[in-house]
Structures are given as structure tokens and as C-alpha cells.
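Mapping of the sequence shown onto numbering that gives the first Met the number 0: position 15 corresponds to residue 14, and the numbering continues sequentially without gaps.
Where is the CB? At the ideal position from N, CA and C, for every residue including glycine.
Computed from a predicted structure; not experimentally measured.
The next block holds one structure in the form of C-alpha cells; read it before the comments.
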Amino acid sequence: MTRDALDAQAIDHLGQTLPQWQLDDDRKGIRRKLEFTDFNAAFGFMTRVALAAETMGHHPEWFNVFNKVDIRLSSHDADGLSERDVKLARFIDELV
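Here is the structure:
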């Protein structure tokens, strides 16, 4: 595990700190589904997230169809969730 891996207590509190995100059943990732007005808005959002993610050195797993974007955050080197996931999720929440 990395030094920024979340412990069980921090994971338990994610529902309070990141209420728009759903915890995976295995507790190793969080997900959020977003819907935008059209493809341009969805792709613009993804571009802004991509630029921030590159700066953070932490990249989302995501899927896009037209105006919908499904995002999953997890840290493979932490074998689960880390502070990097929380930071990126907060950034995403601020954009929406």
C-alpha cells in the first residue's frame, strides 16, 4: 500500500464527504454518473478533468456516450482508494 491509501474509517466517511459518489461493492473505488446538455458539454468537462488529472498524476477510468460520462476513481498502487482519489473527486465536484 502507498502512504496515501485510505483506511477503513476514512472509506466509511466518504458518503458524507463525497455524497454524489457511490462506493464500489469491494470498497476499492468510487463512481459517479454525470449527464450534460450535449456531447460538447460532456467532452469539454472531460477535457478539463484530463488536464487536471495529468497535473495530479492521477487518471480516472471513464466511459462517455453522447452527453453521459461515467467516472470511476481508484488507486491501483494502493489496491483501493487513496487521498488522490478524494482530491480528484472534489475537483470534479467543483466543475459540475
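Exercise for review: Would you mind listing the beta strand (DSSP E) stretches within the segment 24 to 89 that are 3+ residues and don't spill past its ends, in chain order?
Suggested key: 29 to 34, 60 to 64, 67 to 72
Point to revise | Contacts around leucine 17, its chain only, beta-carbon distance under 8 Å, and the 5 residues preceding and following it disregarded | key: Ile29, Val85, Ala88, Arg89, Asp92
Practice item. Could you check which residue in Glu34, Ser74, Ala52, Ala77 has the C-alpha nearest to that of leucine 95? Key: Here the sequence assigns valine to residue 95, which means leucine is not the residue at that position. It is Glu34 whose Cα lies nearest to the Cα of valine 95.
Exercise for review: Measure how close the beta-carbons of asparagine 66 and alanine 40 come, nearest whole angstrom, since I'm counting them as under 8 Å.
Suggested key: 7 Å
Check your understanding: So glutamine 15 is in the alpha helix (DSSP H); what residue range does that whole segment cover?
Key -> 13 to 16
Practice item. Would you identify the three-state DSSP class for glutamine 8, choosing helix, strand or coil? Key: helix
Check your understanding: When the Cα atoms are used, what is the spatial distance from lysine 27 to aspartate 78?
Key -> 7 Å
Point to revise | Residue environment, alanine 52, which counts as buried when at least 16 other CB atoms sit within 10 Å | key: buried
Review point. Rounded to a whole number of angstroms, what is the C-alpha to C-alpha distance between aspartate 25 and isoleucine 10?
Key: 11 Å
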